[in-house]
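Asker: Sharing a structure below in structure tokens format, with a few things to ask.
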Amino acid sequence: MKTRKIKEGVYWLGAVDWDRRLFDSLIPLPDGTSYNSYLIKGSEKTALLDTVDPTMEDVLMFQLEGVETLDYIVAHHAEQDHSGTIPKLLAKYPDAKLITSPKGKGMIIDHLHIPESKIMAVEDGAVLSLGNKNLEFIHTPWVHWPETMSSYLQEDNILFSCDFFGSHLATTDLYVTDEARVYEAAKRYFAEIMMPFRPIIKKNVAKVMSHKIEVIAPSHGPMYDKPNFIINAYQDWIADEPKNVVVIPYISMHGSTKKMVEYLVSALAEKRVTVYQFDLAVTDIGKLAIALVDAATIVIGTPTVHVGPHPNVVYAAYLANALRPKLKFASIIGSYGWSTKVVDQIAGMIPNLKVEILDPVLCKGFPAETDFQALDKLAVNIANKHEQHHLKN
Ligand code: FEO
230 MKTRKIKEGV YWLGAVDWDR RLFDSLIPLP DGTSYNSYLI KGSEKTALLD TVDPTMEDVL
290 MFQLEGVETL DYIVAHHAEQ DHSGTIPKLL AKYPDAKLIT SPKGKGMIID HLHIPESKIM
350 AVEDGAVLSL GNKNLEFIHT PWVHWPETMS SYLQEDNILF SCDFFGSHLA TTDLYVTDEA
410 RVYEAAKRYF AEIMMPFRPI IKKNVAKVMS HKIEVIAPSH GPMYDKPNFI INAYQDWIAD
470 EPKNVVVIPY ISMHGSTKKM VEYLVSALAE KRVTVYQFDL AVTDIGKLAI ALVDAATIVI
530 GTPTVHVGPH PNVVYAAYLA NALRPKLKFA SIIGSYGWST KVVDQIAGMI PNLKVEILDP
590 VLCKGFPAET DFQALDKLAV NIANKHEQHH LKN
């Protein structure tokens, strides 16, 4: 796509990656993504904010063909989907200064081998004058690396937030048009990379909100010309209290665990608990991450494989532990043929989750009446715990 004007002297540049389906060799991208870069032409100086993934560097270089001089390149974040084209830009604009946070400086040197002399580290609150436009740097660490920062264009009230508030969404829309679609994409993004840092994100949200913001311009997905939409969503996601939600990731080999999962889902639904059931053999792991943002309880369903849990369940438990959702309760249900250690093994895999373990239910072979009675008891236990905490759906 060509360069697009946002305001006088402020332009969107970047690349829309319609067909990318995996990020970090880990995160599913059902809707592609974009790498947004922004050009600010002040009356005296010109700055480019972030670059694009090196796989799409030609798109950015084409957009910059008519730009004779670049005085500054701002790297809000050292991850390569935004910083990866910086070496090529510095070759084209050898006099440009690269601006980073103090932590970003070392990380850019480590990742891109850029000479230290090219880099200017800026403190929190520093203001860069471009003549008639002033860019204020706001340190916003851990959204989602330790060096991340945002910047604020004072005259136009635009917050350039990089990954913060971003969404993996390929679109031709400059601004959000379909809020429901962007909500899901932004929540997926939050769940997969931001969620482990909820306490510090809370501080960062408060910090940027002390500025008058008319537009939030992230580095992925469309811009927000109604910033409260995404700020309110973030405030909901980072709130301390979870919701009246149970997430059940499971695997079934011969139907026993699946039967138990279906029974428990039905029992919980009757008690007005919202439940999300994920068959790990086929599920989009991003959907599971989204559900974990709000969940109060996780129930892991697994058959027994060589005494332990199924490997797909191990993956899901590891992921849930790494993402550190605000879960309060956990349980394990499943089946075994002759012996099992799945409860101890799974419980040992989730030390980051500060959860109370509720009585597990394991059946030998196919579930019998006593197993269903135990599942009824687990459903009552979960519903009561949620009610005691006054959790809302
Ligand atoms: Fe979009 Fe953390 O990079």
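Taken in order, the sequence shown gives residues 230 to 622; the numbers are from the numbering used here.
Backbone N, C-alpha and C fix where the C-beta goes; we use that ideal spot for every residue, glycine too.
Note that this is a predicted model, so its numbers are computed, not measured.
Run the proximity test for E308: is its beta-carbon closer than 6 Å to any non-hydrogen atom belonging to the ligand FEO?
Answerer: Yes, the beta carbon of E308 sits closer than 6 Å to at least one heavy atom of the ligand FEO.
Asker: According to the neighbour-count rule (16 or more other Cβ atoms, all chains shown, within 10 Å of its Cβ), is L277 buried or exposed?
Answerer: Looking at its Cβ environment, which holds 16 or more other Cβ atoms inside 10 Å, L277 is buried.
Asker: With 16 other CB atoms within 10 Å as the buried threshold, where does E421 fall?
Answerer: Counting Cβ neighbours within 10 Å, E421 comes out buried, since at least 16 surround it.
Asker: Just to check, is the beta-carbon of D253 closer than 6 Å to a non-hydrogen atom of the ligand FEO?
Answerer: Because no heavy atom of the ligand FEO lies under 6 Å away, the Cβ of D253 does not count as near it: no.
Asker: Given Q574, which residues of its chain have a CB within under 7 Å of its CB, disregarding the five upstream and five downstream residues?
Answerer: Closer than 7 Å at the Cβ level, and outside the excluded window around Q574, lie G537, P538.
Asker: State buried or exposed for S390, treating a residue as buried only when at least 16 other CB atoms are found within 10 Å of its CB.
Answerer: Buried.
Asker: Should the stretch 311-321 be called in touch with the stretch 337-356, which here means at least 3 C-beta pairs below 8 Å?
Answerer: Result yes; three or more Cβ-Cβ pairs closer than 8 Å.
Asker: Run through the stretch 537-573 for me and flag every whole beta strand (DSSP E) of 3 or more residues, listed as ranges in chain order.
Answerer: Qualifying beta strand (DSSP E) stretches, in chain order: 558-565.
Asker: Can you list, in chain order, the residues of its chain whose CB lies under 7 Å from that of L423, leaving out five sequence neighbours each side?
Answerer: A small correction: the amino acid at residue 423 is Met; Leu does not occupy that position in the sequence shown. Within the same chain, M423 has close Cβ partners V372, H373, I430.
Asker: For V522, which of helix, strand or coil comes out of DSSP?
Answerer: Looking at V522 - three-state DSSP - the assignment turns out to be helix.
Asker: With H, G and I counted as helix, E and B as strand and the rest as coil, what does DSSP make of H412?
Answerer: Here the sequence assigns Tyr to residue 412, which means His is not the residue at that position. Of the three classes helix, strand and coil, the one that applies to Y412 here is helix, per DSSP.
Asker: Go through the stretch 391-445 residue by residue and report every complete run of the alpha helix (DSSP H) that reaches 4 residues or more, in order.
Answerer: The stretch 391-445 contains these whole alpha helix (DSSP H) runs: 408-418, 427-438.
Asker: Could you tell me whether any non-hydrogen atom of the ligand FEO is closer than 6 Å to the CB of D392?
Answerer: Result yes, Cβ under 6 Å from the ligand FEO.
Asker: Could you check if H483 is buried or exposed, using at least 16 other CB atoms within 10 Å of its CB as the buried criterion?
Answerer: Counting Cβ neighbours within 10 Å, H483 comes out exposed, since fewer than 16 surround it.
Asker: Give the DSSP-derived three-state secondary structure of T533 in the structure shown.
Answerer: DSSP places T533 in strand when its eight states are reduced to three.
Asker: On the CB-based measure, 16 or more other CB atoms within 10 Å of its CB, does A320 come out buried or exposed?
Answerer: Classification of A320: exposed, given that the 10 Å Cβ count is below 16.
Asker: Are three or more beta carbon pairs between the stretch 483-499 and the stretch 426-442 nearer than 8 Å?
Answerer: Output reads no: the stretch 426-442 does not touch the stretch 483-499.
Asker: Does the ligand PLP have even one heavy atom less than 6 Å from the beta-carbon of R250?
Answerer: No copy of the ligand PLP appears in this structure; the ligands present are the ligand FEO.
Asker: Apart from the five residues on each side of it in sequence, which residues of its chain come closer than 6 Å, Cβ to Cβ, to V411?
Answerer: Result list for V411: S396, V405, in chain order.
Asker: Measure the Cβ-Cβ separation of S189 and V281 and say whether it is below 7 Å.
Answerer: Since the first and last residues shown for the chain are 230 and 622, residue 189 lies out of range.
Asker: Which value, in whole angstroms, describes the spacing of the CA atoms of L242 and L268?
Answerer: Using only the alpha carbons, I get a separation of about 7 Å.
Asker: For A350, tell me which candidate among D469, A520, E376 has the shortest Cα-Cα distance.
Answerer: It is E376 whose Cα lies nearest to the Cα of A350.
Asker: Please say whether F419 and W466 have beta carbons closer to each other than 7 Å?
Answerer: Contact: yes.
Asker: Does DSSP put H368 in a helix, in a strand, or in coil?
Answerer: Note: H368 maps to strand in three-state DSSP.
Asker: If you count every other CB in all the chains shown that lies within 10 Å of the CB of R233, and 16 or more means buried, which is it?
Answerer: Classification for R233: exposed.
Asker: I'd like the list of long-range same chain contacts for V584, defined as Cβ closer than 7 Å, with 5 residues on each side in sequence excluded.
Answerer: Around V584: L556, K557, F558, A559.
Asker: Which class does F601 belong to by DSSP, given the choice of helix, strand or coil?
Answerer: Helix.
Asker: Report yes or no: do the stretch 378-385 and the stretch 246-264 share at least 3 C-beta pairs separated by less than 8 Å?
Answerer: The answer is no - the stretch 246-264 does not touch the stretch 378-385, with fewer than three Cβ pairs under 8 Å.
Asker: In chain order, what residues of the same chain have a beta carbon less than 6 Å from the beta carbon of L398, not counting five sequence neighbours either side?
Answerer: Excluding positions up to five away in sequence, the list reads D260, A414, G450.
Asker: Please classify A518 as buried or exposed, where buried requires at least 16 other C-beta atoms within 10 Å of its C-beta.
Answerer: It is buried - the Cβ of A518 has at least 16 other Cβ atoms within 10 Å.
Asker: Once you ignore the five residues that flank L607 on each side, which residues in its own chain have a CB closer than 7 Å to its CB?
Answerer: Contacts found: L493, S560, L587, D588, V590.
Asker: For a quick check, are the C-beta atoms of I562 and G530 less than 7 Å apart?
Answerer: Closer than 7 Å, so yes.
Asker: What would DSSP say about L318, mapped onto helix, strand or coil?
Answerer: Note: L318 maps to helix in three-state DSSP.
Asker: Could you pull out every unbroken beta strand (DSSP E) segment of at least 3 residues lying fully inside the stretch 334-366, listed in chain order?
Answerer: As far as the stretch 334-366 is concerned, its whole beta strand (DSSP E) runs of at least 3 residues are 348-350, 356-358.
Asker: Return helix, strand or coil for D508, following the three-state DSSP convention.
Answerer: Strand.
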